[in-house]
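Undergrad: 44 is the number that numbering that gives the first Met the number 0 gives to position 45 of the sequence shown; each next residue is one higher, with no gaps.
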Amino acid sequence: MKRETVALPNYVIGADAYDKAADILKQYGKTAVLVGGKRATAAGGDILENALKQGGIALTERVLFTGNSTYENVDALAEIDAVKSADMILAMGGGKCCDTCKVLAEKLGKPLFTFPTIASNCAPCTALAIMYNSDGSFKNNYYSKRPPLFVFINDAVIAKAPIEYLQAGIGDALSKEPEVKLALRHVELDQNLLLGRCLCDACTEPLLKYGAEALASCRAGKTSRALQEAALDIVISTGLVSNMTVCPEFYYNTNLAHCFYYGATIFPVYHDYLHGYWVAYGVLVLLDYDGQTELRDRVMRFYREAR
0 MKRETVALPN
10 YVIGADAYDK
20 AADILKQYGK
30 TAVLVGGKRA
40 TAAGGDILEN
50 ALKQGGIALT
60 ERVLFTGNST
70 YENVDALAEI
80 DAVKSADMIL
90 AMGGGKCCDT
100 CKVLAEKLGK
110 PLFTFPTIAS
120 NCAPCTALAI
130 MYNSDGSFKN
140 NYYSKRPPLF
150 VFINDAVIAK
160 APIEYLQAGI
170 GDALSKEPEV
180 KLALRHVELD
190 QNLLLGRCLC
200 DACTEPLLKY
210 GAEALASCRA
220 GKTSRALQEA
230 ALDIVISTGL
240 VSNMTVCPEF
250 YYNTNLAHCF
260 YYGATIFPVY
270 HDYLHGYWVA
280 YGVLVLLDYD
290 GQTELRDRVM
300 RFYREAR
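1. Below 8 Å between beta carbons: does that hold for M299 and L283?
2. Tell me, please, which residues DSSP counts as bridged to M243.
3. With DSSP run on the structure shown, which of helix, strand or coil describes F259?
4. Just to confirm before moving on: does the CB-CB distance between A229 and A118 stay below 8 Å?
5. Cα separation between I162 and L206?
6. Quick one: what does DSSP say T59 is sitting in, helix, strand or coil?
7. Taking C-beta to C-beta, are C121 and S241 nearer than 8 Å?
8. Exposed or buried, what is P247 when buried is set at 16 or more other beta-carbons lying within 10 Å of its beta-carbon?
9. To the nearest angstrom, how far is it from the Cα of V73 to the Cα of N132?
10. Would you call the region 178-191 and the region 138-150 touching, i.e. three or more CB-CB distances under 8 Å?
11. For Q227, which residues of its own chain have a beta-carbon under 7 Å away from its beta-carbon, when the five flanking residues on both sides are left out?
12. On the premise that G43 lies in contact with T113, defined as a C-beta separation below 8 Å, what is that separation, rounded to the nearest angstrom?
13. Going straight from the alpha carbon of K29 to that of M91, what length do you get?
14. Check whether the region 32-50 touches the region 164-176, counting contact only when three or more Cβ pairs, one atom from each stretch, lie closer than 8 Å.
15. Quick one: give me the first and last residue of the alpha helix (DSSP H) that N72 is part of.
16. Output yes or no for whether 8 Å exceeds the beta carbon distance between K83 and L107.
17. Buried or exposed: C197, going by 16 or more other Cβ atoms within 10 Å of its Cβ?
18. What separation, rounded to the nearest whole angstrom, lies between the Cα atoms of L285 and L58?
19. Which one of D271, F266, I265 and A279 has the shortest CA to CA distance from A256?
20. Does the Cβ-Cβ distance between F151 and A20 come in under 8 Å?
21. Taking the C-alpha atoms as reference points, what is the distance between K95 and D287?
22. Going by other Cβ atoms of all chains shown within 10 Å of its Cβ, with 16 needed for buried, is E48 buried or exposed?
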């Protein structure tokens, strides 16, 4: 079945990204609730709140996000008065917070904006939400009608995040091109799938070119051109591919590299490693399976040099 409607998010990147939020948000109301993890809101909450206040948007409450992206978390957040009364929802943090807020925003019929404080995956940009059971095992994919309306990437905040999140983000993003191309190899492509396949060409090479320097910037706690390029690759480029290759009728966004991750969620050891670390290993397996030994060896060298 072909999709007749495709919605894509807008984005801005820069140390002043939050300063641009009020002008965009005011089209959707005057009040917003911020949902985010403790570390995430400590890193970016004050910066965002001050920027919104100067632009005439009231941040009515900061709601703490804890745990995983579960439907139980969604239901609990939906019962909070500040969430129910706000004109819009702002998700600040990583993928689990963003995915939870996608389901929450759709349940309450509110616009959603994302403020990633780490570059660990493309969740801030996608309509897809990965949902888990209360024990941490994978439950299902939730397909939102549209992705978040706007993604605000403050790379100065991301530069100060623990480096393991950027490492995981690079590992996850490196899976996009080989997985999508393998999944679509014998599929008759419509315009959306063709566009998604073409976009995935922008996912591998920038990381191999800028990844090591981006990690060095993160270690120093300072932003750089390389860190911006890596963050855009991880959050935006791969997210756009996801939005073009995933819907309830078909799923060409992931395959073999992510099998390791989803399978690992049933084991206790899964919790010892971030999503992207599992996927990074799966990328090597996929490339070997698919006979792409030259790229496999390049990626392996990159892993060794960049760790």
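Here a beta-carbon is modelled for each residue, glycine too, at the ideal position from N, C-alpha and C.
TA: Working from what's here:
1. Residue 299 sits at position 300 when you count from the first residue of the sequence shown. Residue 283 sits at position 284 when you count from the first residue of the sequence shown. For M299 and L283, yes; Cβs fall inside 8 Å.
2. Along the sequence shown, read from residue 1 onward, the residue named residue 243 stands at position 244. Secondary-structure assignment with DSSP links M243 through no beta bridge to anything.
3. On the sequence shown, position 260 is the one that residue 259 refers to. F259: helix per DSSP, three-state reduction.
4. The residue labelled residue 229 in the question sits at position 230 within the sequence shown. The residue labelled residue 118 in the question sits at position 119 within the sequence shown. In this structure, A229 sits near A118, with a CB-CB distance shorter than 8 Å.
5. As a first step, residue 162 is located in the sequence shown; it is residue number 163 there, counting from the start. As a first step, residue 206 is located in the sequence shown; it is residue number 207 there, counting from the start. A direct Cα-to-Cα measurement between I162 and L206 gives close to 15 Å.
6. The residue you call residue 59 lines up with position 60 of the sequence shown. Judged by DSSP in its simplified three-state form, T59 adopts strand.
7. By one-based count along the sequence shown, residue 121 stands at place 122. By one-based count along the sequence shown, residue 241 stands at place 242. Contact: yes.
8. Position 248 of the sequence shown holds residue 247. If you draw a 10 Å sphere on the C-beta of P247, you find fewer than 16 other C-beta atoms in it, and that means exposed.
9. For the purposes of this step, residue 73 is identified with residue 74 of the sequence shown, where counting begins at 1. For the purposes of this step, residue 132 is identified with residue 133 of the sequence shown, where counting begins at 1. Taking the straight line from one Cα to the other gives about 12 Å.
10. No: fewer than three Cβ pairs fall under 8 Å.
11. The residue you call residue 227 lines up with position 228 of the sequence shown. Once the five neighbours on either side are set aside, the close Cβ partners of Q227 are I12 and D154.
12. As a first step, residue 113 must be located in the sequence shown, where it is residue number 114. As a first step, residue 43 must be located in the sequence shown, where it is residue number 44. Contact doesn't hold; Cβ gap of about 11 Å is too wide.
13. Along the sequence shown, one-based indexing puts residue 29 at 30. Along the sequence shown, one-based indexing puts residue 91 at 92. Rounded to the nearest angstrom, the two C-alpha atoms are 18 Å apart.
14. Contact between the region 32-50 and the region 164-176 is absent, because fewer than three Cβ pairs lie under 8 Å.
15. Residue mapping note: residue 72 aligns to position 73 of the sequence shown, counting from 1. Element bounds for N72: Y70 to A77.
16. Walking along the sequence shown from the start, residue 83 turns up at place 84. Walking along the sequence shown from the start, residue 107 turns up at place 108. Judged by their CB atoms, K83 and L107 are nearer to each other than the 8 Å cut-off.
17. As a first step, residue 197 must be located in the sequence shown, where it is residue number 198. So C197 ends up on the exposed side.
18. The residue given as residue 285 occupies position 286 in the sequence shown. The residue given as residue 58 occupies position 59 in the sequence shown. The alpha-carbon atoms of L285 and L58 are separated by roughly 45 Å.
19. The count along the sequence shown starts at 1 and reaches residue 256 at position 257. Selection D271, F266, I265 and A279 evaluated against A256 yields A279 as nearest (Cα-Cα).
20. Here the question's residue 151 lines up with position 152 in the sequence shown. Here the question's residue 20 lines up with position 21 in the sequence shown. A contact, by the Cβ cut-off of 8 Å.
21. By one-based count along the sequence shown, residue 95 stands at place 96. By one-based count along the sequence shown, residue 287 stands at place 288. K95 and D287 have their C-alpha atoms spaced approximately 30 Å apart.
22. Along the sequence shown, read from residue 1 onward, the residue named residue 48 stands at position 49. Buried is the label assigned to E48, since at least 16 other Cβ atoms lie within 10 Å of its Cβ.
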